[in-house]
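Residue numbers (my numbering): 776 to 1948.
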């Protein structure tokens, strides 16, 4: 263990020799190990004066004048390894990267500007991004306070001071730093600087440390410095060597790329099976032996490779030594050649290990450095917040910092959490469920669920599982089972079917490892603030995957559309669209209305199993399938992993494991009785909109209740949920739940229970207000401000144009698309222009754009860089609900509302009915109107306006009138005759007799037929030809089973928005010929053939887009004395770019479309022009 005494101080100048010597003597007397100095006032050539026999300046940054300046001094006898050092160019930041007690720690000294400068903290945030793999100790004079209340005396701070403080807090938080002094003095007041001008004290000097170092702080103090007008900050860290990760073997998937490994594995496995198969009666025992073979074989092969490599190195070293001695005795060229060959082979082997360690970094940087990859994400991310659990509260409230004590605390917490506290019995379950009228599967459906698992079913499931995921305790990943499926699959199938027969797995394979993930905005010292993710063995997970794939086919029948979590074809946006309709409709309601948002306590982890089995039985899943599920829940165990410590296993007696493929479906089924009880309750009043009743909305355990007369309904809600919790273990934290009134009719004093009243709350990532306008402005403006701040921080990173575009695609686009998909309304006026300006400023680094944004937004095969068009993405998300409109059988929670809103129009035909937008706003409300407006805008811009097509409605169509009135005929509508496609066939308009026979129309409706036919002729609709399909209708719902995704719609909108590239005209002018062949789509796809490096590909792309300043351009800008080529001093680089020397094929010829005669003629003309120059 190493104790580090760290001092950070603003010394206010060290040029005076007496002051400098006194300061160094102070450091020696106080036994300071590392000193972080601000305001040294030393020039570059004077820094060495701070060195003496006790201390050495290891890094510094100086100004051109005797101002500013930062230093880092280290005690010479300190056992520390310095890896690297660096600084800025302005005398404000310097750092050293070190290794102390096997820990990577970077020490940084920072001096912020005296006058408020918020941009400095953006620069500092970017500077800190370089140290994502290091723990940070940052000593600084920030000239700003973290808290006005605790860190400043005197009058209220100015606006600029407050703004700088906000930026400082954002910088510290984003880097996952904590104030070391405040860590030990949470509410104390102490100051480091007195301002004679303002007659006030403030604490503007700090030592910030990474959260992972919090447990190492033993002391933190503010010490007086007579040599300066600032006090110093002292911090003592007790560093213990960081232990290695918990020893868990994990198969290396790279071995699967080794043909020798795969070959020997199959051969030895065949021998193993020949010997062991049939030696035991229990396939579970044999399967355990198989997994032991996999582990032993993998370890032995890896060990063999390592020994072979070491032996080869020893042989080569010996051979090299002998050859060198021989050549020294008698020199010969042949011996020298042998020496060079042996040395080359030896160097290759010695480099192989290093290449293996850095291969992923170096190779990925070459191939993916500018692409949307994990590597690029690491360059722009903030340090992972609370990546290490450094401290946690025990059950007695004590703060535990020792890693073993932390693990014991979590072990105790989760073993208690997963201990059943059930009070329900079969009779109480039956009594509760029998009155709910829940759906039930048929016998044939339950028989299908209970069918024996087949090898094909297992193989299909394993092919669908994600690769690269962490395996369970056995360390065997999906990739290995997939590669050797023909060998391992039958044995796994035998094990699974035998386990189903016996009712349990072997105890050794039903153990999970619980990995902890901190929830957002939660206290990191509380055990309950972490989400437990269970790492389950791949074989168990595969079995659960098969069961989930069977069960998910029936989830839409078993679970009401109020629940959208974990169910295919349902989306969280459905819940919000419905909520917006309710908010908009209740504003003018005469009854008090409110939304109750519920906070569930550990919902997944407290589900009682006996209740779950009763629900599954009641839903008709059948005893056989339920027993198959129970196999997963017979004596399951888990160990908690915290950092490097893995606890002893403990048994689990309730809950569904987060990480199991089946758990989400089981949880959704377990909550369905609660939702049905709310819907059927006579004492809980729902919100009613146009005769549609709205009781509850669920996304997994995120629950909203829609309440009319909430003061009357809420007591009954509490009773119902308390009763349900006693049966199922599902508990609500009422103090963290909240009630949002939706109109002014609600009287808060009428509420008899203690539930917090709020003006807004967050639901599924959206801030919800009682006004749609507030929802729009608050959410869109907040994300724009956050994106602007992030882009400002990232703008200082040395990234290429393509890398910056990738940053937008992987970080900004998902955030914008989330709001576009969750808020089906137009953003504030000018929003897209502001966003485009913001991202354009970032990708061009604040300089004038060299290429139009519309060009960048084109796909790569059409000459662009696939830069996202945010406006078109938003339109794609706005159009996506049309798949529900067009499909009458689609069951979503908001459909009934919109059907009632647009009546007498039909949702399926509304977009083709020609309703004026002005009328839409007054009749249909903002949500439906926005969709119709988007549809018409897309039709107009893409020139897809087609009035007459198969989907054109006959009735209630403002484009098809009879006497200025749309047609209306309930008889035909009743017989499902609604559109022109119903009365047209391939030959045109059908006769009435055919329609009468086909649709069983009454003969009395012949006059309606004549009226419709006459109107069609009057509007120019042909009678004798087939009608087309509307292109957008075909795009959005190509088939009833598979509606298009937003990305498909976006690509369609994008490709139809292209305009001819203006660059073709410019090139044609320069080379005096038609270049349409050169700029075909094929040429843009050839860049990736030039190099695998995306940065190299960009060179060719920029050349064709004329981004570079050629000698000719520089000559005209008076930046160069000659317009000639820099290489040959002859051509202008235009001809040379398209004509290679030696008669090599041109780019156009490589495309394969330029005749040889034309190529020779063009090259001759180009040579003449070059000679003329």
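The C-beta atom is built at its ideal place from N, Cα and C for all residues, glycine as well.
So residue i and residue j are supposed to be a Cβ contact under 8 Å. How far apart are they, rounded?
{"i": "residue 911", "j": "residue 963", "result": "With 8 Å as the limit, residue 911 and residue 963 do not qualify as a contact, their Cβ atoms being about 24 Å apart."}
{"i": "residue 1004", "j": "residue 998", "result": "The Cβ separation is near 14 Å, so there is no contact."}
{"i": "residue 1710", "j": "residue 1654", "result": "7 Å"}
{"i": "residue 1345", "j": "residue 1339", "result": "4 Å"}
{"i": "residue 1645", "j": "residue 1591", "result": "5 Å"}
{"i": "residue 1472", "j": "residue 1337", "result": "6 Å"}
{"i": "residue 1883", "j": "residue 1648", "result": "Contact doesn't hold; Cβ gap of about 31 Å is too wide."}
{"i": "residue 1355", "j": "residue 1636", "result": "With a Cβ gap of about 38 Å, residue 1355 and residue 1636 do not count as contacting."}
{"i": "residue 1309", "j": "residue 1289", "result": "6 Å"}
{"i": "residue 1586", "j": "residue 1681", "result": "42 Å between Cβ atoms; not a contact."}
If the criterion is Cβ atoms closer than 8 Å, does the pair residue i and residue j meet it?
{"i": "residue 1729", "j": "residue 1735", "result": "yes"}
{"i": "residue 1486", "j": "residue 1821", "result": "no"}
{"i": "residue 1447", "j": "residue 1366", "result": "no"}
{"i": "residue 869", "j": "residue 847", "result": "yes"}
{"i": "residue 1334", "j": "residue 1443", "result": "yes"}
{"i": "residue 1407", "j": "residue 1373", "result": "no"}
{"i": "residue 1721", "j": "residue 1831", "result": "no"}
{"i": "residue 1183", "j": "residue 1300", "result": "no"}
{"i": "residue 1230", "j": "residue 1264", "result": "yes"}
{"i": "residue 1286", "j": "residue 1412", "result": "yes"}
{"i": "residue 1435", "j": "residue 1311", "result": "yes"}
{"i": "residue 1088", "j": "residue 1111", "result": "no"}
{"i": "residue 1465", "j": "residue 1702", "result": "no"}
{"i": "residue 823", "j": "residue 862", "result": "no"}
{"i": "residue 943", "j": "residue 921", "result": "yes"}
{"i": "residue 859", "j": "residue 879", "result": "no"}
{"i": "residue 1500", "j": "residue 1385", "result": "no"}
{"i": "residue 887", "j": "residue 916", "result": "yes"}
{"i": "residue 978", "j": "residue 994", "result": "no"}
{"i": "residue 1541", "j": "residue 1556", "result": "no"}
{"i": "residue 1536", "j": "residue 1543", "result": "yes"}
As a quick exercise: from the options, pick the residue whose alpha carbon is nearest that of residue i.
{"i": "residue 1880", "options": "1006, 1630, 1834", "result": "1630"}
{"i": "residue 1202", "options": "1372, 1092, 1390", "result": "1390"}
{"i": "residue 1116", "options": "1710, 1104, 1092, 1352", "result": "1092"}
{"i": "residue 816", "options": "788, 1674, 1896", "result": "788"}
{"i": "residue 1873", "options": "1580, 1384, 1812, 1771", "result": "1580"}
{"i": "residue 855", "options": "862, 821, 808, 1722", "result": "808"}
{"i": "residue 1469", "options": "1401, 1376, 1358", "result": "1358"}
{"i": "residue 1298", "options": "1778, 1168, 1867, 791", "result": "1168"}
{"i": "residue 1243", "options": "1233, 1313, 1214", "result": "1313"}
{"i": "residue 1799", "options": "1633, 1410, 1755", "result": "1755"}
{"i": "residue 1455", "options": "1210, 1900, 1748", "result": "1210"}
{"i": "residue 1325", "options": "1226, 945, 1650, 1280", "result": "1226"}
{"i": "residue 1430", "options": "1262, 954, 1440, 1052", "result": "1440"}
{"i": "residue 1687", "options": "1694, 1658, 1733, 872", "result": "1733"}
Strictly by DSSP, which residues pair up with residue i?
{"i": "residue 1542", "result": "1537"}
{"i": "residue 1068", "result": "Beta-bridge pairing links residue 1068 to no other residue."}
{"i": "residue 1115", "result": "Answer is none; residue 1115 lacks a bridge partner."}
{"i": "residue 1958", "result": "Any property of residue 1958 remains undetermined from this structure, which presents the chain solely from 776 to 1948."}
{"i": "residue 1288", "result": "1310, 1414"}
{"i": "residue 1624", "result": "In DSSP, residue 1624 forms no bridge with anything."}
{"i": "residue 1375", "result": "1507"}
{"i": "residue 830", "result": "850"}
{"i": "residue 969", "result": "976"}
{"i": "residue 1954", "result": "Nothing can be reported for residue 1954: it is not among the residues displayed for the chain, which extend from 776 to 1948."}
Quick check: does the Cβ of residue i come within less than 7 Å of any heavy atom belonging to the ligand COA?
{"i": "residue 1550", "result": "This structure simply doesn't include the ligand COA, nor any ligand for that matter."}
Using beta carbons (cut-off 8 Å, strictly below), is residue i in contact with chain D?
{"i": "residue 953", "result": "The chain inventory of the structure shown lacks chain D, comprising one protein chain alone."}
Going along the chain, which unbroken runs of the alpha helix (DSSP H) with 4 or more residues stay wholly within the region 1762-1800?
1767-1774, 1781-1793
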